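Please read the structure below before turning to the comments.
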Amino acid sequence: MRVPRPLYFIVVLAIAAAAGWYFFRPSAPVPGETVTVYYTKLDGTTLGTWDVSFRPAQPGESDAQRLHDLAVYAALQAVAGPPPDIAAVHFPTGTRVRNVSVNGSTATVDLSREVGSASGGTFQENGEFKGLVYTLTGIPSINAVQITIEGQTVGTLPGGHLELDAPLRRSDW
Amino acid sequence: MHRFAARIGSAFAILVLLATTVVRADSVSYAFERSSITFTHIARNPSGTAVGIDDPALRSLLKSLGATLTWRPGDHIVLITTSAPEVIGFSVGNAQYTVGPITAQGRFAPYLNGSEVYLPFDDVMRALGVSAQDGVLERLLTSLDVQGYGVQAVLIAHGGGVLRPRVVTDTPDRVVYEFDGVGTTLAPQRAVNAGGIRTVEITSSGSARDPKTLVTIELLPGTRHDAPQSGSGEFEVAFGANGSAPPLVEPLHDAVAAAAPANAAPATTAPPPPDTTNVATPSQSPSAQATAGATVNAVTVQATGDGGRAVTIAVTGDATYEWHRLRAPDNRFWIDIKNAQLAGGPQDQAEANPLVALRVRQIDPQTVRIALSLADDNALDVSPATTGISVNVGTEMLGDTAPRSGTGSIGAVVSASEPQTLVTPVPADEYGATGDQSAWKFGPQTYVPTNPKLIVLDPGHGGGDRGSMHGDLQEAILNLDLAKRVQAILVARGWQVKMTRTIDHDVDPTPRSTQEAIGIGHDNVDAYALQARDDIANEAGARLFVSIHCNAYLNSGPNGATVYYSKPIDVQLAQIMDRDIAMSGLGVKDDGIVKSHLYVTSHANMPSVLVETAFLSNPSDYAKLASSDWRQQMAQAIADGIDKYAQQNPVAGSAQ
């Protein structure tokens, strides 16, 4: 049986339209999850917060993977600090989060060596780590944060004041 | 039918061919800062251009902007931390992306191409503060804000990458900053009329490949301005109208004169104003201030039959009280008994569920605070009893509508504010920044010195570790100078004093400190050296350990004196030291006492504090630290604090 030519074109166009829609369909915004990021105000002790949204769960994503991603996101936000118009204690310029892992209830945050580059006093160390620890321990199931620098456990930052060899908790402040 | 199938098959082949050509690998070049930059991991699709995160040009651009990209294979999120710093977050499969706290709608969702994530190019550039138009990449001045503080104002600019403008004009009525290599789309002019700034005008010049942005500040007569501060992604300059100092800067000689009055009395001879505490405690009710006073004799905890805990606060006399509790997950409760004195010493104890810990403190001369750390958002009931106040903590959870603060009275006092519901202070108290928290890593509860006449003074840093350095001043040298002055005062008063260092050298790690440090996981020399300082005090069985430092920060804003502590037995020493410094006429701001997990105070067995005397990074504090007279007054205040603590906490068999 010979298929009429118009029908042939209609079928091809329908397939092309369907394929085009499939490949280039807009992603509908899906509500994610809110992460509260803490920062230490310039009085050196008081905490402020701002909320950032974290992406929705991905299909097939395990709880462990999502917890890890959430911890990475939270650590990066905390190290970056609040929006620039908010006065806060900041980590030194160039400080990067090299890695974050979660083992049990302890998150290990590996920072780049720039974290020790500022010759700030107790004020800076206390404020920057307080914000980071409060942010990560705000994630359910994380209650302690181990800091490492360039992959190494350290007692303090170079010429530093805060003890970093053991996990830090909110109760340290 | 065969022909139909063949035609359908060929149509599919054409579609596949089309699909592979629509999303095809490509490259694109831009002029950028007087050179060109070529992106090679480029894919063009109908929604826009995508760039792969492994693109060498993208990495190079990020580096030049002071930004870093974080992604690991398998991750769904790509994060870019800008120099501001601000985090830009992209999620694979989600067209929304975040720039700091702002969520934006991207042109299309990032996607995986093989093992590489491709991001929407235009959105990445926009988030970075970079314009990509007509073959030119241009860093943008994205915001210019003026924050007014009465007759003072601060101008803050943000943009793509680190902003380092140069001053091209600086006259009494006008300052002009040139941002080289930076374009802008900001409004050209705005009236400000604050802080001595009349208007701000923004103009662009230069070429598309070599843009310049000029920011012209028209000033009112007599306006002064600070030297600009430029750093991590922002540019900031302070202005002061009518001859007033800009917010962050004071003339050095003025600051010294204000800080060191010639007739400043030593702290020990200046009794505290009787109303100081009332002034500092605005929530205190008038009736509480008028009462004769009460005594908190004991605080005890007992299990109740239903699994809860009953906290009994034994109070004699008349008093009012107010209580607060915070919201989960910060499950703390405290009750302040006004116009009361604490009999006996401070109390710290761990407790069983549903409590975690209990603390009792005389937080100021007229207020006793009992703080409870709860295991959960447990319901509790506060009620006056015949012998004082009863706090019953139950096992059931608190409802959302239950009160979280309240007041009451015991004895003959009727609280003027009863039954007013108080507003729980947040966030300063909420996060327990000033010692209000009862969630402790419990340290030693008691300490008996084997050498009760010995004080160990620790001048921070030294030798290869210079501490903070600003101008001509080095923290290591200042700390030693201050400690020697304290030493001289204490020795004259009959104390034995041991210094962790007496010259400008490192405190060498001892074999013991090294062994101890390694044993608890330290692997850097800084920790050994700090442990060595503690060893000097611990091995000698000293009465107190006082570490002396100068503070600093990245900018000149923060200032003041702070007393840091770590353990429960440090708190009283910290409070007394802070009070003496605050009331000694030093002219330095009182930043209070701060709990922190500092190495030297955590590992000293005895009551210990770390005193940050002032900020080297603040011009006003700097001038104070540079003054020999001021350092002598500070040394006097520290010595007085040590004396006062010793008098209030006598050691059996010791004259001091």
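From first to last, the protein sequence lines are chains A and B. When the letters of the first sequence are read in order and numbered with numbering that gives the first Met the number 0, they come out as residues 0 to 172. When the letters of the second sequence are read in order and numbered with numbering that gives the first Met the number 0, they come out as residues 0 to 655. Note that the Cβ used here is the ideal one computed from N, Cα and C, for glycine as well. Bear in mind the structure is a predicted one, so any value in this text is a computation, not a measurement.
Residues of chain B with a Cβ closer than 7 Å to the Cβ of A/L41 are, in chain order, G556, P557. Taking C-beta atoms under 8 Å as the contact rule, B/A634 and B/V485 qualify, at a distance of about 5 Å. According to the DSSP assignment, B/L218 belongs to the beta strand (DSSP E) that extends over 210 to 218.
The beta carbon of B/G306 does not come within 8 Å of any beta carbon belonging to chain A, so the residue lies off that interface. N44, P45, S46, G65, T67, T69, R71, G73, D74: these are the residues of the segment 42 to 74 of chain B whose beta carbon lies less than 9 Å from some beta carbon of chain A, given in chain order.
Excluding its 5 nearest sequence neighbours in each direction, A/K129 has C-beta neighbours in its own chain below 6 Å: T39, W172, listed in chain order. A/D50 has A/T35 as its beta-bridge partners, per DSSP.
In the structure shown, the three-state DSSP call for B/D25 is strand. Scanning chain A for C-beta atoms nearer than 7 Å to the C-beta of B/H596 yields L161, E162, L167, D171, reported in chain order.
Looking at the DSSP output, B/S82 sits in no beta bridge, so it has no partner there.
When C-alpha distances from B/A482 are compared across B/G88, B/V610, B/S59, B/A108, the shortest belongs to B/V610. Among the bridge pairs identified by DSSP, B/E321 is matched with B/D335, B/T406. Residue pairing by DSSP places B/D169 opposite B/V174 in a beta bridge. For A/T48, the closest C-alpha among the options A/H67, A/A18, A/I85, A/P58 is that of A/I85. For the 8 Å CB-CB criterion, B/I87 and B/A56 do not form a contact. With a cutoff of 8 Å on beta-carbon distance, B/T97 and A/V51 are scored as near each other.
In the assembly as shown, B/S546 is a buried residue. Its beta-carbon has 16 or more other beta-carbons within 10 Å.
Taking C-alpha positions only, B/G387 is separated from B/K337 by approximately 13 Å.
In the DSSP assignment, A/I148 forms a beta bridge with A/L110, A/Q151.
Considering only beta carbons, the part of the segment 43 to 54 of chain A lying closer than 9 Å to chain B consists of G43, T44, T45, L46, G47, T48, W49, D50, V51, S52, F53, R54, in chain order.
Taking CB atoms only, B/V175 has no neighbour in chain A less than 8 Å away. Taking a C-beta distance under 8 Å as the contact criterion, B/D589 and B/A581 qualify as a contact pair. Chain-ordered, the chain B residues with CB closer than 7 Å to the CB of A/N125 read V593, S595.
One alpha carbon belongs to B/E32, the other to B/K211, and they sit about 11 Å apart.
Counting of Cβ neighbours within 10 angstroms places A/T121 among the buried residues, the total reaching 16 or more. The three-state secondary structure of B/E350, taken from DSSP, is coil. B/V599 sits away from B/M576, with the two beta carbons spaced by 8 Å or more.
Excluding sequence positions up to five before and after B/R532, its CB lies within less than 7 Å of the CB of D457, T499, V506, V599, all in the same chain and listed in chain order. Put simply, the CB of B/S114 is far from chain A, with every gap to its CB atoms at 8 Å or more.
Using a CB distance cut-off of 8 Å, A/D109 does not count as an interface residue toward chain B.
Less than 8 Å separates the beta-carbon of B/G47 from that of B/P119. Of all residues in the segment 598 to 615 of chain B, those with a C-beta nearer than 7 Å to a C-beta of chain A are Y598, S601, L609, E611, reading in chain order.
For B/K483, the enclosing alpha helix (DSSP H) begins and ends at 474 to 491. With fewer than 16 other CB atoms across the displayed protein chains lying within 10 angstroms of its CB, A/W20 is exposed.
Ranked by Cα distance from A/A165, the options B/R71, B/I79, B/H596 are led by B/H596. Taking 8 Å as the threshold, the shortest C-beta distance from B/H460 to chain A falls below it.
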